[in-house]
């Protein structure tokens, strides 16, 4: 029975892995073999596609650009969301409910709506085609999410903790950094995971706000698909490489996933 | 929730968030509102149009069709991903070495850039050299997602299920892990069958995470753009042209800024309304 | 209702227990008669919850057998054992009403509707839940929820034993007392075998006819509350039960008697001889020590008032000795002599009582 019980899960995971396998399969094939027809594994195994990506600066700088703005965005989002989430979980103030819903509503704005105005806005302030532009633009949907998740975790921490610390003579900043933040570290982990995830996978805004200097890797890929014909092997290799940062991040937060996701308050 | 005290200084804590989001949200929003009531022929010359674009969009058959497709798509993927996600979460191991393996493998699709997802499925589903396309055709079913609307829909839905079911499953899994063992033990002692355990223990305890999951999945599926554009480009014909795709076509393709802006705002309001209604319903249910 | 027999029961959470320390339960042999009220008492981690879960069938023992009325139930799953359990944290089915909660175990067993209705109303009446029957169970307070958990056990007429796993942990202090006496009253009414697990001696001693004291996976004593108090079989029982616990004085055996600090101490039984090298102690409860004109010399360290009596902390050489002194009896300022009541003074060798 236990083997039969695990079967649906195994089928599901196989289903998840198949397209990824196919991408890897393609990435190790020569263009000739791809165009030559259908094959389940590469008969003429080659690393040429990967070699080209690692030697051509227009390719590998895409990775550096992407990681730069994703990390910047995660840091900014968490830094500003922490005090705000604390305020929402601990204090009542004029307009708190409206502000909270307004923040969340930005999560519901289709990026397509903002593409053109963003382009004009960031051109006007002179940030166009820098990683800053993308990092700031992604704050639109990542800050509300981070505030939402962190607020849930903070509400789970009893107020007595704050009060005890003040009685013990802690100043607010010392309390916040020494006691409070360690208490919600798993919440910060989960929030950072989501910020990283949504910033890393988003393309529409990232593409709109960059041209040459700060072009993200995912945008570089669209160029390949459209201009230089059908270089499927190269496209597959570049795609396969974009999976790696995500996989590394998941590996680090895997222990938070099960415990942390349930604690966020609706 | 902890008891909160009134303190207006809390605004100082919220200020950085407010400024950053306002910069990103209000200025572009004002720009969009501005476009939506004017007509331009380029060269920064604008003419006041009032609500004409709104009327035009609301009465346009093209908008109705795209909206209908969008709603149908969100409905279908919610109907598949939510039950499937719950089912997968129920089947996941609670402890042991396989937990980490499952979590990592399942979370993988979530962290792949959206256009790579589209490109990956593009290759995967190609009727001649794609594994999926080849397999379906091998079963004797005529399948070519670049030419038949039904096949295109099937592929887009399957891609979204592949991409996002894990999010629902992981949220539910976290919810399931938070149920104390005593509940299962009590159910065992009370002689509850597996269905009763699910209906009376697991499902009620999953309500909170399911609300998050459904809201996130609705918002993101309702705004889906990149994956579908990369996979089908909205075709064949307009078969998979959802609202967001249509919007970009109008705004950037035809440069009809006025109608595009009006459409954006209507689109935004619909999303907001559905989320608000759903959230209110769930919360009212909670209060009972 | 049933007699319960535990035969050479051993349990380990490890797949291959090797050393003695790997066993959560080292060896348990107990017989409980039908309709009794029993308590399992011991500090956290002593194995009492493990034992409870073995009886309910939530755990399978590594070795040994469990008998209900001479029927071996060791391999049976919990629902076939006809047992009920009340957990530390209240378990109620949130979406159901109180009525549906109580009816749930019967519905799962296919009992006819009229019979369910009669049973539920009877039990609700017994537990003072009649007024809340139609309310959602999620809205009740912790003590109400614990009553529902108990009720789900009581509704089943065929239930063999009801088990309680620290059921008062989350109950407000002023309600604890109420719920405890309610339990006692219910037991006298329904006469179902009940087993109550706790680390709180007051709960155990007030609830049970017979208390099983456990420590590190071993049963150290089974007895009535009076026996545990007057004649602890083990020094652990002596200092775990009672407040303050039993005094233990290092001693030696000479000439057929126990000697402390060069003084011969009269004890309940002549200690005879013990294994050479064994650690000998004299145990006497604070209740059985009095101030006297002669006896064991002691220095008074501290006197604290506990209402009807005072707790006097003294030092005899290097050993601390507590005693209780009633109201109106003067306590000297510095030096005093202590007298131990010989009938309640025991000798222990390596922790176990010497007969």
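Residue numbers (my numbering), protein chains in the order written: chain A, 1 to 266; chain B, 267 to 554; chain C, 555 to 909. Here a beta-carbon is modelled for each residue, glycine too, at the ideal position from N, C-alpha and C.
Is residue 525(B) close to chain A, meaning its C-beta is less than 7 Å from at least one C-beta of that chain? no
To the nearest angstrom, how far is it from the Cα of residue 470(B) to the Cα of residue 152(A)? 19 Å
Look up residue 717(C) in the DSSP assignment and say whether it is helix, strand or coil. strand
Where does the unbroken beta strand (DSSP E) through residue 814(C) begin, and where does it stop? 811–814
Give me the Cβ distance between residue 878(C) and residue 841(C), rounded to the nearest whole Å; I'm assuming they're in contact under 8 Å. 5 Å
Is the Cβ of residue 456(B) closer than 7 Å to any Cβ of chain C? yes
So who's on the other strand from residue 304(B), going by DSSP bridges? 314(B)
Does chain A have any CB closer than 7 Å to the CB of residue 625(B)? Because residue 625(B) is not part of the residues shown, which for chain B are 267 to 554, the question remains open.
Measuring alpha carbon to alpha carbon, tell me which of 838(C), 830(C), 749(C) and 861(C) ends up nearest residue 594(C). 749(C)
Cutoff 8 Å; reference residue 211(A); Cβ partners in own chain excluding five residues on either side: 128 and 129
Cβ pair residue 871(C), residue 789(C) closer than 7 Å: no
Quick check: what's the CA-CA separation for residue 670(C) versus residue 410(B)? 60 Å
For the alpha helix (DSSP H) holding residue 438(B), just list the boundary residues, first then last. 415–443
Does the segment 96–106 of chain A come into contact with the segment 170–184 of chain A, if we say contact requires no fewer than three beta-carbon pairs (one atom in each stretch) closer than 8 Å? no
According to DSSP, simplified to helix, strand and coil, what is residue 226(A)? Its pLDDT being 48, under 50, residue 226(A) is placed unreliably by the model, and the measurement read from it follows with that caveat. Reduced to three states, the DSSP call for residue 226(A) is helix.
Report buried or exposed for residue 402(B), applying the criterion of at least 16 other Cβ atoms within 10 angstroms of its Cβ. buried
Out of 13(A), 141(A), 7(A) and 6(A), which has the shortest C-alpha to C-alpha gap to residue 431(B)? 13(A)
Are the CB atoms of residue 613(C) and residue 582(C) nearer to each other than 7 Å? no
Looking at C-alpha atoms only, which residue of 529(B), 284(B) and 442(B) is the closest neighbour of residue 361(B)? 442(B)
Which same chain residues, not among the five before or five after residue 34(A), have their C-beta less than 8 Å away from its C-beta? 26, 232 and 233
Can you give me the Cβ contacts of residue 864(C) inside the same chain, cut-off strictly under 6 Å, excluding the 5 residues immediately before and after it? 857 and 879
At a cut of 8 Å, does the segment 196–215 of chain A reach the segment 333–353 of chain B through at least three beta carbon pairs? no
Along the chain, where does the alpha helix (DSSP H) containing residue 680(C) start, and where does it finish? 667–680
Within 7 Å (strictly less), CB to CB, does residue 444(B) reach chain C? no
Just by C-beta distance, which residues in the segment 582–598 of chain C are closer than 8 Å to chain B? none
Mind checking which residues open and close the beta strand (DSSP E) that includes residue 565(C)? 558–565
Any residues in the segment 401–414 of chain B with a beta carbon nearer than 9 Å to a beta carbon of chain A? Which ones, in chain order? none
Based on DSSP bridge pairs, tell me the residues matched to residue 870(C). 873(C)
Flag residue 659(C) as yes if its beta-carbon sits less than 7 Å from any beta-carbon of chain B, otherwise no. yes
Would residue 616(C) be called buried (16 or more neighbouring beta carbons within 10 Å of its own) or exposed? buried
Residue range of the alpha helix (DSSP H) that includes residue 591(C): Per DSSP, residue 591(C) belongs to no alpha helix (DSSP H); it is in the beta strand (DSSP E), 591–595.
Below 8 Å between beta carbons is the criterion; list the residues of the segment 653–679 of chain C that meet it against any residue of chain B, in chain order. 658, 659, 662 and 663
Nearest to residue 834(C) by CA position, among 867(C), 903(C), 796(C) and 820(C), is which residue? 903(C)
Is the Cβ-Cβ distance between residue 730(C) and residue 740(C) less than 7 Å? no
With distance defined between alpha-carbon atoms, name the residue in 573(C), 661(C) and 602(C) nearest to residue 765(C). 602(C)
Start and end of the alpha helix (DSSP H) containing residue 348(B)? 327–357
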